[in-house]
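Residue numbers for the sequence shown follow UniProt numbering, beginning at 1 and rising by one.
C-beta atoms are modelled at their ideal positions from N, C-alpha and C, and glycine is treated no differently.
The structure appears below as structure tokens.
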Amino acid sequence: MHLYHLSLQASGAVDALVIGNFCSTKRQEIAIARVGRLELLTVDSKTGSLVTLFSQETFGVIRSLASFRLIGSSKDHLVLGTDAGRLIVLSYDPKRQAFTKVCQETFGKTGCRRIVPGQYVACDPRGRALMVASVEKSKFVYVLNRDAAANLTISSPLEAHKANMIILAVAGMDVGYENPNFAVLEIDHASYEEQQTSSDPLSLSSIHHPTTLAFYELDLGLNHMLRKSSRPVDPMAHHLVAIPGGTDGPGGVLVCSDDSIAWHHPDFELIRARLPRRPASMFDETGQDPAYHSTCIVSSVVHRIKKMFFVLLQNELGDLFKVSMVTTSSSDPTCPVTVDLLSVTYFDTIPSSSVGMVLFKSGFLFAASDFGNHYLYQVESLGEGEGNYDDSKEAEEPAELSNGLTRIPGDSTVSNDLSPVLKFTPHPLRHLTVVHELESLNPLVCSALLCNPKRGYGSTSFKLLAGVGQGSRSSLRILNPGLHTMELAVSQLPDHAAGIWSVPANSHSKVSAYMVITFSDSTLVLSVGEEVEEATDTGFNCSVRTLAATQVGDRDFLQVYARGVRHVTAEGRVREWSAPGHKAVLKAACNNHQVVVVLSGAELIYFELDDSGQLHEHREHKSLPDDVSCLDMGELVQGRRRNPFLVVGGMDKTIRVLSLDPDKCLETLSLQAVSSHVESVCLISDESPGGGFYLYVGLQNGLLIRASIDAVTGQITDSRTRLLGTQPLRLSRIQSSGTAAVLALTNTPYICLAGSGGENIVHPLSYETLEYGCGFSSPQLPDGICALKGDTLHIVSADRASSSPFHTASVPLRFTPRRLLDLPHLSNHVLVCESDHRHTNTASSGAISRSHDDALSAMQFGYPQTRDGTWAACLHVVNHAEARIVAESLLSDNEAVVSACTVVFAREDDEEAAAGPAPTYVCVGTAHSYHPCSRTHEGGSILVFTSMPDAPLTLLHRTRIDEPARAMSEFQGQLLIGAGTTLRTYALGKRQLLRKSETLGIGTHIVGLQVMGNRLLISDIQRSIMLAVFHDLGSVFRVVADEAQCRFVTAAIFLDDDTVAAADKFGNVVVLRLDPRVSEEYGSDRSGTRLLHQKPHLLGAPHKLELVSSFYMGDTITQLSKAVLSVGAKECLLCSGLRGGLNVLIPLSSKHDVTFLQTLEGHLREEWPMLSGREHRSYRSYYQPVKQVIDGDLIELFTLLPMDRQRALASQLEHTVAEIAKKVESYRLAALM
């Protein structure tokens, strides 16, 4: 079995980021590294939102990012520290709108190894050198220069290794144009191990941590690295911040420790300062202030303002501190500035951003949050005049300042003085304002895929619910396929409408001046301005049904109705053309200069506007063999007098392309048959150089056909089909983000447009079913849509700014979601199980309010913490259709939710069975006093809830068990749980659950159960996957087969009776299969006697599962779901990643497709430049070789290759470029029709 991998949504987590001028000197951009992806973002100066300029798969792990600018250069280069064992330098090419690889230097093995550099990258601020370092020992320094052609050159690496050193941080120091210097924070683990061995194991606190700050100097003259000096620092030091030097500042580095900072310079005495701390009540509900409440600095940013600068530090709680230095000018040329004291001020509190923050020169602060969405802030003020935290080296004793902070004297030696400091009280955002939110599903702890269209999920057929976030910032995300659609207005109409057109005031305006709405026997014209009102002076005939309406010439209007064509001039004169004889106009198509009408008997008449503004009828008419169902000629392209083609859809299931050239007017150029009656056609021009036209055809069976029309011959080529719904498909032209697009209306509205490579891009809209629609434009809404449904008018706007294929709604939660459980007996309801460690229900509900308006909102500041092993937990029933919580149940303190399922218990007596359908119960497994690190506990419980529409969650009873049930499922009318190494089944009792059977010694620790018939799929925390069968004779489960390879399973699912899919915590997804002969043998053995006499194989089950497929996703998979994602699509496997990525695996059923894709994948591995420097096959085989899975993410990059390389690859595959692009698109449509 071969599988095809595709990414539905990229991971939202950020691994690294850096700011720079990568495109030009006038605009700053942010380079962001995500899971296997590199992106370039900038701030739109008009809207204040983040805009993606570049996004590309890297097929490698980017561990760090840095930027530098060569002296005399106008833009920055981007340096990547990756898992490829190579130093990668990229430059952004504005013409190609992509990063190009400038340099690639190999220095080690692949993989994230502790002695292979790449974890840290630091650049000299003057762009002369860079250092790349590993977690332990290894450090390389490269000298950067330019050749005669102004191209970047990199020297051979200079080693700065030091054995037994754990590297905590690296920073490039600003020393002006002196020899480049680098500061490295290190720990000598050899000395630490010696002290730990010689010390009393009962007094580990006496061990001295040999943390040192080392200064390295690169001698450019001798081309040599020198360890200039080193000094001991605070044992808890962990973060470095380079201070501007030269003429801009004093230089040196800030060394950040727990609750303190220190300024170090090789030539000066250090200066230390305490960081303010929150009140103890915000740490512990008891108000105590133990030592472990100290906080560490996780990120920093340095910002220069004219001749001054300041530093923003953020601790792990999200508190921002502004650090500035009071300096004095000096006459010493070697050090023009000296530091007198440090000034520390509490600034604001935002979500913790350990990855980093960047500050634009324009005053925008971007923070990549550790959990949840990322935020872009506008800096409103710098907090000047608010109490500062000053620290002077001349001070002899600690002194308390008026703002409640403490002054501590500087010291040339390391001091562990824990002098008390006064606290600060956090406040809501005062100096920052949120201007943009970048959605992220990181961490996606749990998810549920709902795929039953009968339950109201729409024609897209599925909805994804995701439990996202951590602690008080957790939420339930409801992901609906489609673009976010904002409803701007809904108006009632006098009758059921039958069509709508938007008409501008003149040919030079794109703003809609009128909306023409037609009914069965009348027409309504609305004037669009500050208010929408009925217009009576337009010259339109409002007593008839309108077939088409448009603006023609400079300022004229045109109306087509059954008896003829009405031309209203700008002066108000009306010119009428009447249909000849007893014939009537049935259909019409028009643009600014052309009109075509269809009379009874399928007769076509063509009109064209001359230079004087008169409509002239062409002398030649055209009669077609069958009735016409629709026609279109497209909008007039700027610079053309007429459009060359007319497309006609006939009732004989054909599409004709007719010429509108005066020499061969209405002559048939091409003909194509379709599978159903044509409902509508739409023609838009290809805006690429030398492009022709794109033809969109909507059929009555809901099928969309997108084809190309040659600009010279008019031939129809490159037809691509896609099923959008089951109702007739109506098409109309609109504008989307400034480009021509098509609005397709069926069960669900869609926006269709052509991609840069000619691909057919279709975006569903997250909105209700509409009947008619057209484009609408206003100064405030340039790309709007006005649509009709029954007797209501809707004006909406679709947001294409987001790269996500989903429209997300969010429901705030109390704690971290652990389990999601669909409640099939309650329509549109789901159970969310939440729990958090080191919290209590009392503290979380009373100490800090969750209200956004409260001064101490838990959403911003979090909950107070308590002792280890204490848990807070609750259950929420959420109506995901309305995005609201309908029921809540708080569990008792010190209970952690570990599992949940719904069970329909079997009824034992006939009277109960005759009473009606058995009720559905919700069972929840909890653990008491659970310690996550040691996995110790004090037992567990199984809570049974009744669930009814009027009372979704009512506790029935509680059953205590000796081991927490980490997994549970319904099995043959009973509750099946996995507790440790034990499988148990329970029946429903009146006061507690009744144990029915027990099987001991299964694996090492059961974490998942899946049931199919009498077969059981067991997921183990160490022993991978086991298949078991239940034998009625002994009421016991017996393991039939397991996997030979040990695996930490995070998700597993049955694909069929003999095939399972599993994922482990390292990001591997595998498909395993049981030998069909073994399956048949044990399927017929009801007594289980054969298994009793089978000998274990390789210290496991009698049989082994065969590895069918293996693939590395790059993210820990938390949920595997098998489903059909849309109408007409194939069944596929949806993989939800911990860091917010969504991927699908699609089965390939054709050997021809497999051969074609494998060949194309092999060519692309050689042709496509891997920005990370990692080989594609090596990356997808991170932990075990990739097997029988084709990477669709790489395949889809074919259309991004230069056209000459596309043609070369197509010739090798004996296909055309268009054929390959069409095939690549068809594979994605196989899962996402």
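Fill in: Burial state of Gly581, where buried means 16 or more other Cβ atoms lie within 10 Å
Here residue 581 corresponds to residue number 581 of the sequence shown, with the count starting at 1. It counts as exposed.
Worksheet item: alpha helix (DSSP H) containing Met515: first to last residue?
Response: Within the sequence shown, numbered from 1, the residue matching residue 515 stands at position 515. Looking at the DSSP string, Met515 is not in any alpha helix (DSSP H); the run it does join, the beta strand (DSSP E), is 512 to 518.
Worksheet item: In chain order, what residues of the same chain lie with their CB nearer than 6 Å to the CB of Tyr92, ignoring the 5 residues before and after it?
Response: One-based indexing of the sequence shown puts residue 92 at position 92. Counting only Cβ-Cβ distances below 6 Å, and skipping sequence neighbours, we find Phe22, Cys23, Phe99.
Item to complete: Tell me whether His931 sits in a helix, a strand or coil according to DSSP, three-state version.
Response: Position 931 of the sequence shown holds residue 931. His931: strand per DSSP, three-state reduction.
Worksheet entry | From Tyr930, Thr866, Ser899, residue whose alpha carbon lies closest to that of Leu1009 | The residue labelled residue 1009 in the question sits at position 1009 within the sequence shown. Ranking the options by Cα distance to Leu1009, first place goes to Ser899.
Fill in: For Thr550, three-class secondary structure by DSSP
Position 550 of the sequence shown, counting from 1, holds the residue named residue 550. Note: Thr550 maps to strand in three-state DSSP.
Worksheet entry | Proximity of Asn591 and Asp554 at Cβ, strictly below 8 Å | Within the sequence shown, residue 591 is the residue found at index 591, counting from 1. Within the sequence shown, residue 554 is the residue found at index 554, counting from 1. Against a cut-off of 8 Å, the Cβ pair of Asp554 and Asn591 comes out as no contact.
Worksheet item: So, using beta-carbon positions, are Pro720 and Lys1130 closer together than 8 Å?
Response: Position 720 of the sequence shown, counted from the start, is the residue given in the question as residue 720. Position 1130 of the sequence shown, counted from the start, is the residue given in the question as residue 1130. According to the sequence displayed, residue 720 carries Arg and not Pro. It is not a contact, given that the beta carbons lie outside the stated cut-off.
Worksheet item: Measuring CB to CB, does Leu342 end up less than 8 Å from Ile243?
Response: Sequence index remark: in the sequence shown, residue 342 carries index 342 (1-based). Sequence index remark: in the sequence shown, residue 243 carries index 243 (1-based). Their beta carbons are not under 8 Å apart, which means Leu342 does not touch Ile243 by this criterion.
Item to complete: Measuring alpha carbon to alpha carbon, tell me which of Leu53, Arg37, Gly36 ends up nearest Asp44.
Response: Taking the first residue of the sequence shown as 1, we reach residue 44 at position 44. Looking at the Cα atoms, Leu53 is the closest of the given residues.
Practice prompt. Tell whether a beta-carbon distance below 8 Å holds between Leu669 and Thr713.
Written response: In the sequence shown, residue 669 corresponds to position 669, counting from 1. In the sequence shown, residue 713 corresponds to position 713, counting from 1. Yes; because the gap between Cβ atoms is below 8 Å, this pair is in contact.
Worksheet item: Just the Cα atoms here: how many angstroms apart are Leu1074 and Glu1080?
Response: For the purposes of this step, residue 1074 is identified with residue 1074 of the sequence shown, where counting begins at 1. For the purposes of this step, residue 1080 is identified with residue 1080 of the sequence shown, where counting begins at 1. Using only the alpha carbons, I get a separation of about 10 Å.
Worksheet entry | Pair within 8 Å by beta-carbon distance, Leu164 and Asp147 | Numbered from 1 along the sequence shown, position 164 holds the residue referred to as residue 164. Numbered from 1 along the sequence shown, position 147 holds the residue referred to as residue 147. Note that residue 164 is Asn in the sequence shown, not Leu. For Asn164 and Asp147, no; Cβs fall outside 8 Å.
Worksheet item: By DSSP, does Phe22 sit in helix, in strand, or in coil?
Response: Position 22 of the sequence shown holds residue 22. Three-state result, Phe22: coil.
Discussion item. Give me, in chain order, the residues of the same chain whose beta-carbon lies closer than 7 Å to that of Pro266; leave out the 5 immediate sequence neighbours on both sides.
Written reply: Locating residue 266 in the sequence shown gives position 266, where the first residue counts as 1. Same-chain partners within the cutoff: Phe215, Lys228, Ser229.
Worksheet item: Which residues does DSSP pair with Glu159 in a beta bridge?
Response: Within the sequence shown, numbered from 1, the residue matching residue 159 stands at position 159. Answer is Phe140, bridged to Glu159.
Fill in: Chain-order list of residues whose beta-carbon lies under 6 Å from that of Tyr930 (same chain, five-residue window excluded)
Residue 930 sits at position 930 when you count from the first residue of the sequence shown. Here the set comprises Ala896, His937.
Worksheet item: Which residue comes first and which comes last in the alpha helix (DSSP H) that contains His1163?
Response: Numbered from 1 along the sequence shown, position 1163 holds the residue referred to as residue 1163. Its alpha helix (DSSP H) spans residues 1151 to 1167.
Worksheet item: Can the beta-carbon of Arg63 be found closer than 8 Å to that of Asp76?
Response: Walking along the sequence shown from the start, residue 63 turns up at place 63. Walking along the sequence shown from the start, residue 76 turns up at place 76. Against a cut-off of 8 Å, the Cβ pair of Asp76 and Arg63 comes out as no contact.
Worksheet item: Considering only residues of the stretch 641 to 722, which uninterrupted beta strand (DSSP E) runs meet the minimum length of 3 residues and lie entirely inside it, listed in chain order?
Response: 645 to 650, 654 to 659, 668 to 673, 678 to 685, 693 to 699, 703 to 709
Worksheet entry | Close Cβ partners of Leu831 (< 7 Å) along its chain, the five nearest in sequence each way excluded | Locating residue 831 in the sequence shown gives position 831, counting from the first residue. The answer, listed in chain order, is Leu821, Leu823, Leu875, Val877, Ala900, Val922.
Discussion item. When you compare the CB positions of Leu1138 and Lys1122, do they come within less than 8 Å of one another, or not?
Written reply: Here residue 1138 corresponds to residue number 1138 of the sequence shown, with the count starting at 1. Here residue 1122 corresponds to residue number 1122 of the sequence shown, with the count starting at 1. No, the Cβ-Cβ distance between Leu1138 and Lys1122 is not below 8 Å.
Discussion item. Less than 8 Å between the C-beta atoms of Arg114 and Val89, yes or no?
Written reply: Indexing the sequence shown from 1 puts residue 114 at position 114. Indexing the sequence shown from 1 puts residue 89 at position 89. Result no, Cβ atoms of Arg114 and Val89 do not sit closer than 8 Å.
Practice prompt. Identify whether Lys1065 lies in helix, strand or coil by the three-state DSSP scheme.
Written response: Here residue 1065 corresponds to residue number 1065 of the sequence shown, with the count starting at 1. Three-state DSSP puts Lys1065 in coil, outside helix and strand.
Worksheet item: Less than 8 Å separating the beta-carbons of Gly702 and Leu731?
Response: Along the sequence shown, read from residue 1 onward, the residue named residue 702 stands at position 702. Along the sequence shown, read from residue 1 onward, the residue named residue 731 stands at position 731. It is not a contact, given that the beta carbons lie outside the stated cut-off.
Worksheet item: So is Gly363 buried or exposed if we call it buried at 16+ other beta carbons inside 10 Å?
Response: As a first step, residue 363 must be located in the sequence shown, where it is residue number 363. Exposed is the call here.
Worksheet item: For Leu152, which three-state DSSP category applies?
Response: Looking up residue 152 in the sequence shown gives position 152. Here Leu152 sits in strand by DSSP.
Discussion item. So, with DSSP's three-state summary, where would you put Leu1229?
Written reply: The count along the sequence shown starts at 1 and reaches residue 1229 at position 1229. In this structure, Leu1229 counts as helix in the three-state DSSP scheme.
Fill in: Exposure of His1097, with buried meaning 16 or more beta-carbon neighbours within 10 Å
One-based indexing of the sequence shown puts residue 1097 at position 1097. His1097 should be labelled exposed.
Practice prompt. Would you mind stating whether Gln1206 and Phe1198 have Cβ atoms separated by less than 8 Å?
Written response: Here residue 1206 is taken as the residue at index 1206 of the sequence shown, counted from 1. Here residue 1198 is taken as the residue at index 1198 of the sequence shown, counted from 1. Yes.
Worksheet item: Is there contact between the stretch 219 to 226 and the stretch 254 to 263, where contact requires at least three CB pairs shorter than 8 Å?
Response: no
Discussion item. Considering only their Cβ atoms, is the gap separating Gly85 from Gly108 smaller than 8 Å?
Written reply: Numbered from its first residue, the sequence shown carries residue 108 at position 108. Numbered from its first residue, the sequence shown carries residue 85 at position 85. Cβ distance < 8 Å, so Gly108 and Gly85 count as in contact.
Fill in: Anticipated Cβ contact below 8 Å, Val697 with Ile684, distance rounded
Residue mapping note: residue 697 aligns to position 697 of the sequence shown, counting from 1. Residue mapping note: residue 684 aligns to position 684 of the sequence shown, counting from 1. Wrong, their Cβ atoms sit about 12 Å apart, outside the cutoff.
Worksheet item: Do Leu983 and Thr959 have their CB atoms nearer than 8 Å?
Response: The residue given as residue 983 occupies position 983 in the sequence shown. The residue given as residue 959 occupies position 959 in the sequence shown. Their beta carbons are not under 8 Å apart, which means Leu983 does not touch Thr959 by this criterion.
Practice prompt. Measure the Cβ-Cβ separation of Glu882 and Ser474 and say whether it is below 8 Å.
Written response: Looking up residue 882 in the sequence shown gives position 882. Looking up residue 474 in the sequence shown gives position 474. Going by C-beta atoms, Glu882 is not nearer than 8 Å to Ser474.
Worksheet entry | For Asn894 and residue 1238, believed in contact at Cβ under 8 Å, the rounded distance | Shown here, the chain extends from 1 to 1233; a query on residue 1238 therefore has no answer.
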